[in-house]
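Step one of this worksheet: look at the structure below.
Encoded structure:
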C-alpha cells in the first residue's frame, strides 16, 4: 500500500494578537516530525512519503507527491486538531484514501476525530499498531486492533485499549530520517544550537503532572528504548549539529541512563546533546550529570513550572523550589546550559509576574520559556478546570493563550505576559545572571 504521512502546518490562533495587537507572542514548532519518521521506519515493504507542511507549506501540491496514496496518516497536537480535521476532509475527498489520525490530541481526546472523513484513530504509541492496521487492510481484513478506534460514518465503534509494552517501541527499526532530508536545514531550535536532530530514548513518564498529556501516550507506563537503539539512531542522523533526545524524562532510570552515557562515549559521539530532566533527579544524582557532561550533554531542559511549593503541589509536580534552585547550581557548575520551562497561571496578578521576573533575572537559566497554563483535554487539569474553561476552540490551545478567565484584566494580562517573554529573550542574549555579574 502507498502511504502518505502528513505533519500539519504551523497553526493556532493568538488572542493577544487578534484582540490587542500584541504580535510578539507566537509559538512556532521547528523540529522534525519524529513521530512520522518513526512510523515510516516500521513500514518496510510499502512505499512511504512524509509531507512536512511546517517545513514546506506547499508540500501537498500534486507535483510534490511521489504517488497517489492508498492511506493517509495525520498527526497533531491539540492546537493543530482543527487543522488536522480540515486536512483529513480535503485529503479524503481528493484521494479517496483511508484516513488515519494519531498523535497527542488523538491520544487525549479520540472522540474529537469521530468524523465521516476519518476512518481510524490511533491512540497512544502507534509504531506497532499502525503497522498492524496496514497489514490488516492490505489483507482485506476488518481491523480489530487494540489501541486503534474504527470510525464508521462518523460513529466510533467499540474500542479495546492497548496494553503498551516495550514491543510497541519496535526497537529494531530505525526512523526514516531520509524522508525529510530535504528539510534538514530548517530544523533549527533557538537556544539549542544549529541544525537539531531528534532521537527518541523513551516514551511515557515516571510522573503524572496534572497538566501533562504524555502519560496518555502509553497508558501511564514508562517505556525505555534499548541503549543500543538510541546510539544507533544518533549515528543514523548524520549531518546535524545537535542531538535532541525527545522524551519526557531521559533520566527516569538512573542505571540505564548511566549506561547510555557510556555507550554514547564508546561510540565516539561528539555532537552536543540536549535532554529533558527533572530537577530532583539532578539533586539526588549529581554524579550522573558529571558523566553525561563528558558524554556531550550541552543543555538540560527542566520543567521548573512554578516558583512556589504550593503552586507546584497544585500541579502535582511532586517537587520543590529548593530542588529547582539547587539543580541550577549543580548544572551550571558542570557547564551545562539550562532551558527552563515555566507556567504562567491565568490567575496571576501583577505581583506574581513581578516575582517570576525577579526569579528568572536572578537565576542562571540560559533560556527561560514561560507558557500559559492550558488545560489540554484528557489531562487531570482539564477535568479539574472544565467548568472554568471559557474558550473551547482548540486553535487557541497553543500555551500562549488563556482559555480560562484571567484574574487581571485580559489586556493587562497579555501585556505582562508579552513583557515577560521579552525579559526571557533578553536573558538568552545576555547569557544569564552569571554572565551579567561577570560583566558588571
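Numbering (this note's numbering), first residue to last: 18 to 457.
Cβ coordinates follow ideal geometry from the N, Cα and C atoms, glycine included.
Do you know how far the Cα of residue 283 is from the Cα of residue 129? Computed Cα separation, rounded: 46 Å.
Identify whether residue 356 lies in helix, strand or coil by the three-state DSSP scheme. In this structure, DSSP gives residue 356 an extended state, which the three-state scheme calls strand.
What's the C-alpha gap between residue 390 and residue 438? Cα to Cα, residue 390 sits roughly 15 Å from residue 438.
Going by beta carbon distance, what residues of the same chain come within less than 7 Å of residue 402, once the five residues before and after it are set aside? When the five nearest sequence neighbours on each side are left out, the beta carbons in the same chain lying within less than 7 Å of the beta carbon of residue 402 are those of 392 and 421, in order along the chain.
Under the three-state reduction of DSSP, which class applies to residue 300: helix, strand or coil? Three-state result, residue 300: helix.
Would you list the one or two residues that DSSP bridges to residue 24? Paired residue(s): 69.
Suppose you measure from the CA of residue 31 to the CA of residue 436; what does that come to, to the nearest Å? Rounded to the nearest whole angstrom, the CA to CA distance from residue 31 to residue 436 is 16 Å.
Is the CB of residue 241 under 8 Å away from at least one CB in chain D? Absent here is chain D; the protein component of the structure consists of one chain.
Where the beta strand (DSSP E) through residue 119 begins and ends: It spans 115-119 - the beta strand (DSSP E) in which residue 119 sits, taken as one unbroken run.
Inter-residue Cα distance where the pair is residue 169 and residue 423: About 40 Å.
Which two residues bound the contiguous alpha helix (DSSP H) that contains residue 375? Following the DSSP letters along the chain, one finds residue 375 inside the alpha helix (DSSP H) bounded by residues 367-379.
Which residue wins for smallest C-alpha separation from residue 248, given the options 216, 407 and 337? Measuring C-alpha to C-alpha distances from residue 248 to each of 216, 407 and 337 identifies 216 as the nearest.
Give the single residue among 162, 271 and 113 whose Cα lies nearest to the Cα of residue 85. Shortest Cα-Cα distance from residue 85 to any of 162, 271 and 113 involves 113.
Residues of its chain near residue 408, where Cβ-Cβ distance is below 6 Å and the 5 sequence neighbours each way are ignored: So the list reads 420, once near-sequence residues are dropped.
To the nearest angstrom, report how far apart residue 441 and residue 377 are at their CA atoms. Rounded to the nearest angstrom, the gap between the Cα atoms of residue 441 and residue 377 is 8 Å.
Given that a residue counts as buried once 16 or more other Cβ atoms are within 10 Å of its Cβ, and exposed if not, what is residue 456? With a pLDDT of only 41 at residue 456, under the threshold of 50, the placement of this residue in the model should not be trusted; the figure read from the coordinates follows. Exposed, since its Cβ has fewer than 16 Cβ neighbours within 10 Å.
How about residue 360 and residue 388: do their beta carbons lie closer than 8 Å? Going by C-beta atoms, residue 360 is nearer than 8 Å to residue 388.
To which residues of the same chain is residue 362 closer than 6 Å at the C-beta, ignoring the five residues directly before and after it? Around residue 362: 390.
Assuming residue 314 is part of the beta strand (DSSP E), what are its boundary residues? From DSSP, the beta strand (DSSP E) with residue 314 extends over 314-322.
In terms of residues, what are the limits of the alpha helix (DSSP H) holding residue 138? Not the alpha helix (DSSP H): residue 138 falls in the beta strand (DSSP E), residues 137-139.
Residue interval of the alpha helix (DSSP H) (run including residue 195): It is not in any alpha helix (DSSP H) - residue 195 carries neither H nor E in the DSSP assignment.
Reference residue 27; option with closest CA among 165, 144 and 94: Closest in alpha carbon position to residue 27, among 165, 144 and 94, is 94.
Can you give me the C-alpha to C-alpha distance between residue 474 and residue 272, rounded to a whole angstrom? No information on residue 474 is available, as it lies outside the stretch 18 to 457 that the chain covers here.
According to DSSP, is residue 226 helix, strand or coil? Note: residue 226 maps to coil in three-state DSSP.
Do residue 225 and residue 333 have their beta-carbon atoms positioned less than 8 Å apart in this structure? Yes; because the gap between Cβ atoms is below 8 Å, this pair is in contact.
Taking the C-alpha atoms as reference points, what is the distance between residue 89 and residue 150? Taking the CA atoms as reference points, residue 89 sits about 12 Å from residue 150.
What ranges does the alpha helix (DSSP H) occupy inside the stretch 116-180, keeping only unbroken runs of at least 4 residues that lie completely in it? With a minimum length of 4 residues, the unbroken runs of alpha helix (DSSP H) contained wholly in the stretch 116-180 fall at 121-125 and 144-155.
Label residue 263 either buried or exposed according to how many other C-beta atoms from any shown protein chain fall within 10 Å of its C-beta, with 16 as the threshold for buried. By the Cβ neighbour-count rule, residue 263 is buried, with 16 or more other Cβ atoms within 10 Å of its own.
According to DSSP, is residue 335 helix, strand or coil? Residue state, collapsed to three classes: coil.
Does the pairing of the stretch 364-378 with the stretch 54-74 give three or more beta-carbon distances under 8 Å? Remark: fewer than three beta-carbon pairs, one from each stretch, lie closer than 8 Å, so the stretch 364-378 and the stretch 54-74 are not flagged as touching.
Out of 115, 126 and 97, point me to the one whose CA is closest to residue 394's CA. Looking at the Cα atoms, 126 is the closest of the given residues.
Given the structure, does residue 169 come close to the ligand ZN, in the sense that its CB is under 7 Å from one of the ligand's heavy atoms? Questions concerning the ligand ZN fall outside what the structure shown contains, since it holds no ligand whatsoever.
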